[in-house]
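See structure below.
There are 2 protein chains.
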Amino acid sequence: MTERRLKLGAMLHGVGTGWDNWKHPDAVADAGTNLEFYLEQAKQAEEAKLDFAFVADSVYITPDSTPHYLSRFEPLTILSALAMATKHLGLVATITVSYTQPYTVARQLASLDHISKGRAGWNVVTSFLEGTAANYSQEEHYPHDLRYQIADEFLEVTKGLWDSWEDDAFLRDKKAGTFYERDKLHALNHKGDFFSVKGPLNISRSKQGQPVIFQAGMSEAGRDYAARHAEGIFCGVGSIENAKAYFKDIKQRTAAYGRDPNHISVMPGINPIIAPTEEEAEEKYQQRLSLITLESALTSLGRPFNYYDFSKHDLDAPFPDLGDIGKESIQSTTEKVVEMAKKRQMTLREVALESAIPRTPFIGTPKKVADLVQQWFEEEAADGFIIGPEASPSSLQDFTAHVVPILQERGVFRSEYDPAATLRENMGLPIPQNRYTEKRAAKVEVGR
Amino acid sequence: MTERRLKLGAMLHGVGTGWDNWKHPDAVADAGTNLEFYLEQAKQAEEAKLDFAFVADSVYITPDSTPHYLSRFEPLTILSALAMATKHLGLVATITVSYTQPYTVARQLASLDHISKGRAGWNVVTSFLEGTAANYSQEEHYPHDLRYQIADEFLEVTKGLWDSWEDDAFLRDKKAGTFYERDKLHALNHKGDFFSVKGPLNISRSKQGQPVIFQAGMSEAGRDYAARHAEGIFCGVGSIENAKAYFKDIKQRTAAYGRDPNHISVMPGINPIIAPTEEEAEEKYQQRLSLITLESALTSLGRPFNYYDFSKHDLDAPFPDLGDIGKESIQSTTEKVVEMAKKRQMTLREVALESAIPRTPFIGTPKKVADLVQQWFEEEAADGFIIGPEASPSSLQDFTAHVVPILQERGVFRSEYDPAATLRENMGLPIPQNRYTEKRAAKVEVGR
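As you go down the protein sequences, you meet chains A and B in turn. Be aware that the first sequence starts at 3, since it is given in the working numbering, and climbs by one per residue. Be aware that the second sequence starts at 3, since it is given in the working numbering, and climbs by one per residue.
This is the structure:
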């Protein structure tokens, strides 16, 4: 087992996904397509020696989508731009497998990986909004569990394509006239249930071998997928007890698949509220709460339930029974909402407001937040955190400027990057050996 | 009619597409995935005030593909990176419509357009290699003319998606709490023969309204497509007489579709060989020729004929009759080769060598090449040129450092960029009005 290290990422998410975030006096209202905003955030993250910037994504909007979703950069393009403004920061792109082709995804990620000299990551998602199908010439969205079967094969194909060229395939020997060694180029010839992909990919392996794989699934199928494939997990946050149970479950599943549990980082997304005193932090939270309208809380509650219109229900009656609505969407979120409502016998109004901006445990002075980060890490509730902008537009800045130095002081987090390190190396992950090189090595071994 | 302006682009194509280019003593052998090489080329192009950098593409390789194709950056990612290293240079990405989805392409291009502040262009291609289908889970590649029907509808959808948001849709008025005006957001609701796309797109319009559309088709279907849609054409080059005929044909077709013929730029790709004296230029050409082996000439000849293996034929017999092979590929190229062979009664050996690196008319001193550029422009054989690396690794540098200053001196080409100009403005193209804004304006007019 390799040594555990704390990992930290920055969620670059414009103003954040809440309906009212943009109205905050400090919010950059057009952040979603504001290059300078993204550059500034990436710079903050890199100055604090964070592991990576993480760009979330989705490909379907309605007039009721929250402002950040309405107009924002596409992940691969903005991260390719950020690659030029950073030197060490990992660059994690969210890309769906439900409406893309493995050849294109493998290629664009490999290209980002080359451009950034080994800093690319891929957050594999399956797209949860049923409406997405209508943007991609499909009559129906794939059901939840089928999406994970597709995701399995998709990743298998992508990894296969990334091995098209062995690391030392390209000789480029002008004198001998040899550009590459033919026996180090491999066609994949994949034929599966969902994809037939011959290959080879038209780009060489990157410095880190393959982009780092992230996953965000919390459902049963999602956890299993993560345990098999993921090297980082972006997950929801609840109490430390819940987090510990989730952490343990993921590590056990990962070990059960024969993988080193230290090669998967459980990283809850947190939206810290940080201020010099507890009182000021509380004020910041109250200011954030004051922006929320009941209307927007209801709209935002509806999104994971396929944009369900909650406004037609009595606000002060118990949370309505929705039957199967939301089952094929973000299961983990919708189940959590329904459970919470049932358990605590909440009204619709209570559920909507509490869901809109849940009170984070990561609120208080820099020292308190640093203590919590350290505690969660050391008590194995998390391997690290992804810092999001939901609770305050200055969350990332406050965290990088005031919390990270404390963690560095304590030796809990790195103070410098290894100058030549890839994202894999920064995260303590091995560089996956090319499957064909491995086979070759095995043959030599047997032949001895 | 607007005034004609000379346009110049740089083809960023690694070492170039010839099999032996990389062996040139001055060639950067790993150029295809060498970020510093691309940065340097973009810098040269921008310092010379060129209109754009152009990144060609394809998505299928075999062990016999020429070295540049084997490993290279994907266009959208490398151009997003180059957007950060340049301020005025247009960024034209080649993207196939045969194996992509309009929603994704519209979005990635719009994102590049935002990142570059209005400098994106799209070279629409249909993919000519039959093998491509096997990388995209399809049993068969689409036949040539069907590809253009798909391309028609694809572009229609993409343009529709780019109009999802009217230019002034986003108010972001924190006081009033209005993020955007609902009647300025439009779902496309497209249902056609090949695509069903609801929309809206999840990114606002860019500074130039829509990316500039390029096209490279030379066939009948390709010309017609260009006349309807293209704002720039990347085309082959032959004699000035052929170029004039092609130019006239394109402008007539464009006018026949009710478009201003000055809103389509015919831009042959040229591979100039430039040196202080004629003798030195000739030496450069001979040096380039000396790199070609007969084997690689035959391989490279085979590519447009679906990697046809010419080596099985007698080299000194007349060029073989291939029947229908190549008809569904790059028709314009294969037809040209077959015609040339027939007309001049050439052997296979002659055809292979002459096709490998045709003698360009643009060879000689900077003054001679500048004279030719000016002549072709003034005599309406071209609206401009795209400078490629096939004939010499230093073509772009020689052209930007020695030929462009002469053209600037003569007032034929710009000496400075308009500081705030988009690619559209640099190319003298109008910003297309949003279709819904246009309708609204028309209604107001009628209502008066």
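For glycine and all other residues, C-beta sits at the position ideal for the given N, C-alpha and C.
Can you list, in chain order, the residues of its chain with a C-beta nearer than 6 Å to that of residue i? Leave out the 5 residues immediately preceding and following it.
i	result
B:W24	V17, A31 and P69
B:A50	T402 and V406
B:N428	D53
B:V414	L8 and Q376
B:A443	none
A:A372	V405, I408 and L409
B:V159	P104, H192, F197 and V199
Using a C-beta to C-beta distance shorter than 7 Å, which residues of chain A count as neighbours of residue i?
i	result
B:L114	T79
B:S139	F197, S198 and V199
B:A85	A83
B:S206	T35 and S73
B:F181	W24 and P69
Taking the straight line between their C-alpha atoms, what separation do you get for residue i and residue j?
i	j	result
B:S394	A:D185	30 Å
B:H15	B:I389	10 Å
B:L317	B:V353	10 Å
B:Y287	A:S206	31 Å
B:T349	B:P320	4 Å
A:R261	A:Y150	20 Å
A:G162	A:Q212	10 Å
B:D326	B:K345	19 Å
B:A422	B:A136	44 Å
B:G366	B:L398	14 Å
A:E141	A:H404	50 Å
B:Y138	A:R174	29 Å
B:E440	B:Q103	27 Å
B:G201	B:A277	53 Å
A:T19	A:A29	12 Å
A:M3	A:E382	Below a pLDDT of 50, predicted positions are generally treated as unreliable, and A:M3, at 46, falls in that range; no measurement from the model is reported.
Run down chain B in chain order and give the residues with a C-beta less than 8 Å from the C-beta of residue i.
i	result
A:Y438	None at all; the shortest Cβ gap to chain B is about 14 Å.
A:A136	S198, V199 and K200
A:T96	Going along chain B, no residue has its Cβ under 8 Å from A:T96, so there is no contact; the nearest lies around 13 Å.
Going along the chain, which residues of its own chain have a beta-carbon closer than 7 Å to the beta-carbon of residue i, five neighbours each way excluded?
i	result
B:A33	G16, V17 and F39
B:I80	Y40 and V57
A:D22	L293, I294, T295 and S298
A:R225	G219, D251, I252 and R255
A:R74	G16, G34 and T35
A:G304	Y310, D311 and F312
A:R6	N264 and D385
B:A232	I215, F216, Q217 and I266
Can you pull the chain A residues whose beta carbon is under 9 Å from the beta carbon of residue i, in chain order?
i	result
B:L425	Ordered by position in chain A, no residue passes the 9 Å Cβ test against B:L425, which lies about 16 Å from the chain.
B:I433	Going along chain A, no residue has its Cβ under 9 Å from B:I433, so there is no contact; the nearest lies around 18 Å.
B:I152	Per Cβ cutoff of 9 Å: no residues; B:I152 is ~12 Å from chain A at best.
Apart from the five residues just before and just after residue i, which ones in its own chain have a Cβ nearer than 8 Å to its Cβ?
i	result
A:I63	Y71 and L72
B:L78	A95, I97, Q110, L111 and L114
A:D420	E427 and N428
A:R351	L296, L317 and D318
What residues of chain B sit near residue i, judged by a beta carbon separation below 7 Å?
i	result
A:S394	Those within 7 Å of A:S394 in chain B number zero; the least Cβ separation is about 16 Å.
A:R351	Correct list: empty, because the minimum Cβ distance to chain B is about 20 Å.
A:Q103	Y101 and Y138
A:L187	P65
Could you name the residues of chain A that residue i contacts, counting a contact when the two beta carbons are closer than 8 Å?
i	result
B:Q110	E76, L78 and T79
B:R184	P65
B:I117	L37, F75, T79, I80 and A83
For residue i, which residues in chain B fall below 9 Å Cβ to Cβ?
i	result
A:A422	Those do not exist, as A:A422 stays about 15 Å from chain B at its closest Cβ, beyond 9 Å.
Q. Quick one: any contact between the region 85 to 93 of chain A and the region 117 to 130 of chain A, if contact means 3 or more CB pairs under 8 Å?
A. yes
Q: Report yes or no: do the region 46 to 57 of chain B and the region 88 to 101 of chain B share at least 3 C-beta pairs separated by less than 8 Å?
A: yes
Q: Check distances from the C-beta atoms of the region 166 to 178 of chain A to those of chain B and list, in chain order, the residues that come in under 8 Å.
A: W167, F172, R174 and K176
Q.
So if I threshold CB-CB distances at 9 Å, which residues from the region 357 to 368 of chain B count as touching chain A?
A. none
Q | Chain-ordered residues of the region 4 to 32 of chain A with a beta carbon less than 7 Å from chain B | A | W24, K25, A31 and D32
(Q) Within 8 Å, do at least three Cβ pairs link the region 354 to 361 of chain A to the region 245 to 264 of chain A? (A) no
(Q) Along the region 60 to 73 of chain A, where does the CB come closer than 7 Å to a CB of chain B? Name the residues. (A) V61, I63, P65, P69, Y71, L72 and S73
Q: Indicate whether the contact test is met: 3 or more Cβ pairs, each with one atom in the region 431 to 445 of chain B and one in the region 161 to 168 of chain B, closer than 8 Å.
A: yes
Q: Name, going along the chain, the residues of the region 274 to 298 of chain B whose beta-carbon falls closer than 9 Å to a beta-carbon of chain A.
A: T295
Q.
At a CB distance below 9 Å, what residues from the region 367 to 384 of chain B approach chain A? Give them in sequence order.
A. none
Q.
Output needed in chain order: residues of the region 30 to 60 of chain B with a Cβ under 7 Å from some Cβ in chain A.
A. A31, D32, T35 and L37
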